[in-house]
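Report on the following structure.
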Amino acid sequence: MRYTVDERGYYGKFGGAYIPEMLYPNVEELRVNYLPIIESAEFRKDFEGLLRDYVGRPTPLFLANRLSEKWKASIYLKREDLCHTGAHKINNTIGQILLAKRLGKQKIIAETGAGQHGVATATVCALMGMECIVYMGKLDMERQRPNVERMRILGAKVVPALSGNMTLKDATNEAMRHWINNPTDTHYIIGSVVGPHPYPDMVAKFQSVISEEIKNQLTAATGNPYPDYVVACVGGGSNAAGAFYHFLDDEHVSLVGVEAAGKGVDTNESAATTALGRVGILHGSKSLLMQTHDGQVIEPYSISAGLDYPGIGPMHAHLFETNRVQFLNVTDEEAMNAGIELSRMEGIIPAIESAHAVAVLNKLELEEGDVVVVNLSGRGDKDLETYIRWGKY
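Take a look at the structure:
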């Protein structure tokens, strides 16, 4: 219970369910039913079967030889980029669509930043024959156009969010408003470990398959399930929650979360929440978020559409406050350089989100022989336009 949620939905002082009265029946229905459903043998059979046969799990744990030689350490890449739809996001959407069907819902809504969660949601809705609406910031729709078209091909309706700076926060606001107005027949598939309880815990549980596989695969490769480091990027924090989950109580394993510093934490163009945020409430839970002195949310910035969120999930806020996870940050330039380097050294073009995790290898004090697992949360196909505009390759 030290790092996982308590019965009230809190991680230490973070979490809870701060919701409008109209949403209470929906969230309460979810809270009461999610554990009995997702822990049932029937659900586990369906969930694990789809992860295996549809998503393509287990994803490989790849020993990156040239990176390992550079750092005099064993650098393993957990290849979530090889999941069906190109990112870890589908682990969670498979779980939530199965849950929604068991709750008798007919419609699905979602929000998305980089588009990977939107594509994963549209994919499982097509698979299950359910109506799908995805909210996405207008700016993100422009810089992630291939994913917008993928969602449309899959049959989803993509609705632009036009408020704020037209990115992930604003898309989440719009999805929340839709849910408030359609409380009975609609399930909201939240894509990260954010939102009111039970979403953070539920999403973390669905994504925990990542760290479960890492332990099994490291044991097969090295005879030891424990690496020295597990590294993952953090926007809201779903891939990091999954990569860390089964190592949380293994205190000898160093866990590293990597946030987007954007143009630098001193430039007012950043998304590094642990460096710049303080306690507040956003999208239904208490956590750390970037805000002005009078509580107005500060618009985040990152070259990565999936990391420019002004807060982190409550689980990560607790892990930061208790020093269980070391949070570092990486600038746009550092991330882009790492993405190009990984492409050249290992033949893998990473999502720019994942490139932030790779970039932090430059900031760790690695010792010869250390074993490091970097969670490669997504592939870079969707980011080709950004790589092209960057041009430094």
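Read in order, the letters of the sequence shown correspond to residues 42 to 434 in the numbering used here. Quick reminder that beta carbons are idealized off the backbone N, C-alpha and C, glycines included. Only a predicted model underlies this, so the values are computations on that prediction, with no experimental measurement involved.
Practice prompt. Give the C-beta separation of VAL401 and VAL234 to the nearest angstrom, bearing in mind that I take them to be a contact with Cβ-Cβ under 8 Å.
Written response: The distance from the Cβ of VAL401 to that of VAL234 is about 20 Å, inconsistent with a contact at the 8 Å cut-off.
Practice prompt. Take TYR59 and list the residues in its own chain whose beta-carbon comes closer than 8 Å to its own, dropping the five residues that flank it on each side.
Written response: In its chain, beyond the 5 residues on either side, PRO237, ILE322, GLY325, SER326 and LYS327 have a beta carbon closer than 8 Å to the beta carbon of TYR59.
Discussion item. Whole angstroms are fine: how far does the CA of LEU330 sit from the CA of GLU69?
Written reply: Per the coordinates, the alpha-carbon of GLU69 lies some 25 Å from the alpha-carbon of LEU330.
Discussion item. Using the Cβ count rule (16 or more neighbours within 10 Å means buried), how would you classify ASN222?
Written reply: Exposed, by the Cβ-count rule.
Discussion item. Tell me which residues share the same chain as LEU118 and place their Cβ nearer than 6 Å to its Cβ, disregarding the 5 neighbours each side in the sequence.
Written reply: Contacts found: PHE103, ALA105, VAL415 and LEU417.
Item to complete: With a cut-off of 8 Å on the beta carbons, I'd call ASP181 and THR208 a contact; round off their distance for me.
Response: Between ASP181 and THR208 the beta-carbon gap is near 5 Å, inside 8 Å, which marks them as a contact.
Worksheet item: Is PRO268 helix, strand or coil when you go by DSSP?
Response: Assigned with DSSP and collapsed to three states, PRO268 falls in coil, not helix or strand.
Discussion item. Quick check on ARG420: buried or exposed, where buried means 16 or more other Cβ atoms within 10 Å of its Cβ?
Written reply: Its Cβ being crowded by 16 or more others within 10 Å, ARG420 is buried.
Worksheet item: Quick one, which of ILE390, LEU195 and HIS219 has its alpha-carbon nearest PRO61's?
Response: Nearest C-alpha to PRO61: HIS219.
Worksheet item: Under the rule that 16 or more other beta-carbon atoms within 10 Å means buried, what is GLY23, buried or exposed?
Response: The structure shown does not extend to residue 23, since the chain spans only 42 to 434, so no value can be given for it.
Worksheet item: Could you give the C-beta distance for MET377 and LYS433, rounded to a whole number, given that I count them as a contact under 8 Å?
Response: Rounded to whole angstroms, the Cβ separation of MET377 and LYS433 is 7 Å, and the two are in contact under 8 Å.
Worksheet item: When burial is assigned at 16 or more other CB atoms within 10 Å of the CB, is ARG184 buried or exposed?
Response: It counts as buried.
Practice prompt. Compute the beta-carbon to beta-carbon distance between VAL189 and MET177, rounded to the nearest angstrom, for a pair I have assumed lies under 8 Å.
Written response: Confirmed, about 7 Å.
Practice prompt. Could you check the C-alpha separation between ALA346 and THR308 for me, to the nearest Å?
Written response: One C-alpha to the other measures close to 18 Å.
Practice prompt. Could you tell me the boundaries of the alpha helix (DSSP H) in which ASN74 lies?
Written response: It spans 65 to 79 - the alpha helix (DSSP H) in which ASN74 sits, taken as one unbroken run.
Worksheet item: So GLY283 and ASN74 are in contact, right, with Cβ under 8 Å, and what is the actual spacing, rounded?
Response: At roughly 22 Å, the Cβ-Cβ gap does not stay under 8 Å, so GLY283 and ASN74 are not in contact.
Worksheet item: CB-CB under 7 Å to LEU140, same chain, minus the five flanking residues each way: which ones, in chain order?
Response: Cβ neighbours of LEU140 beyond the five flanking positions: TYR75, ILE78 and ILE79.
Worksheet item: Are there 16 or more other CB atoms within 10 angstroms of the CB of MET436, so buried, or fewer, so exposed?
Response: Since the first residue shown for the chain is 42 and the last is 434, residue 436 is missing from the structure and cannot be characterised.
Item to complete: Verify whether the separation of the beta carbon atoms of ALA302 and VAL366 is less than 9 Å.
Response: Going by beta carbons, ALA302 and VAL366 fall outside the 9 Å limit.
Item to complete: Measure the C-alpha to C-alpha separation of SER384 and HIS357 and round it to an integer number of angstroms.
Response: Approximately 29 Å, taken between the alpha carbons.
Worksheet item: Distance, Cα to Cα, GLU152 vs GLU254?
Response: Approximately 28 Å between the Cα atoms of the pair.
Worksheet item: If you run the structure through DSSP and keep just helix, strand and coil, what is THR162?
Response: Residue state, collapsed to three classes: helix.
Item to complete: Could you pull out every residue in the same chain whose Cβ sits closer than 7 Å to the Cβ of TYR267, ignoring the five residues on either side in sequence?
Response: Excluding its 5 nearest sequence neighbours in each direction, TYR267 has C-beta neighbours in its own chain below 7 Å: ASP291, HIS293 and VAL294, listed in chain order.
Worksheet entry | CB contact flag (THR314, PRO355, <9 Å) | In this structure, the beta-carbon distance from THR314 to PRO355 does not fall below 9 Å.
Worksheet item: Taking THR436 as the reference, which of HIS287, LEU168 and ALA379 has the closest Cα?
Response: Because residue 436 is not part of the residues shown, which for the chain are 42 to 434, the question remains open.
Practice prompt. Ignoring anything shorter than 3 residues or poking outside the segment 172 to 217, list the beta strand (DSSP E) runs there in chain order.
Written response: If only uninterrupted beta strand (DSSP E) runs of at least 3 residues are considered, those enclosed by the segment 172 to 217 are 172 to 178 and 198 to 202.
Discussion item. For the beta strand (DSSP E) containing PHE368, name the first residue and the last one.
Written reply: 366 to 372 is the span of the beta strand (DSSP E), which, as asked, contains PHE368.
Discussion item. Strictly by DSSP, which residues pair up with PRO391?
Written reply: In the DSSP output, where bridge partners are listed per residue, PRO391 has ARG420.
Worksheet item: Name the DSSP bridge partner or partners of SER328?
Response: GLY321.
Practice prompt. Taking HIS287 as part of the beta strand (DSSP E), name the residues at either end of that continuous run.
Written response: Run containing HIS287: none; DSSP gives neither H nor E here.
Discussion item. With H, G and I counted as helix, E and B as strand and the rest as coil, what does DSSP make of ARG120?
Written reply: Strand.
Worksheet entry | In DSSP terms, what SER295 is bridged to | According to DSSP, which records beta bridges pairwise, SER295 is partnered with TYR270.
Worksheet entry | Beta-bridge pairing of THR225 - partner residues as DSSP gives them | The partner list for THR225 (beta bridge, DSSP) is empty, contrary to what the question assumes.
Discussion item. Considering only their Cβ atoms, is the gap separating VAL96 from GLY159 smaller than 9 Å?
Written reply: Not a contact, by the Cβ cut-off of 9 Å.
Item to complete: Put SER115 into one of helix, strand or coil per three-state DSSP.
Response: Reduced to three states, the DSSP call for SER115 is strand.
Discussion item. I need the straight-line Cα distance from TRP431 to GLU374, nearest angstrom please.
Written reply: Put simply, the backbone Cα of TRP431 is about 9 Å away from that of GLU374.
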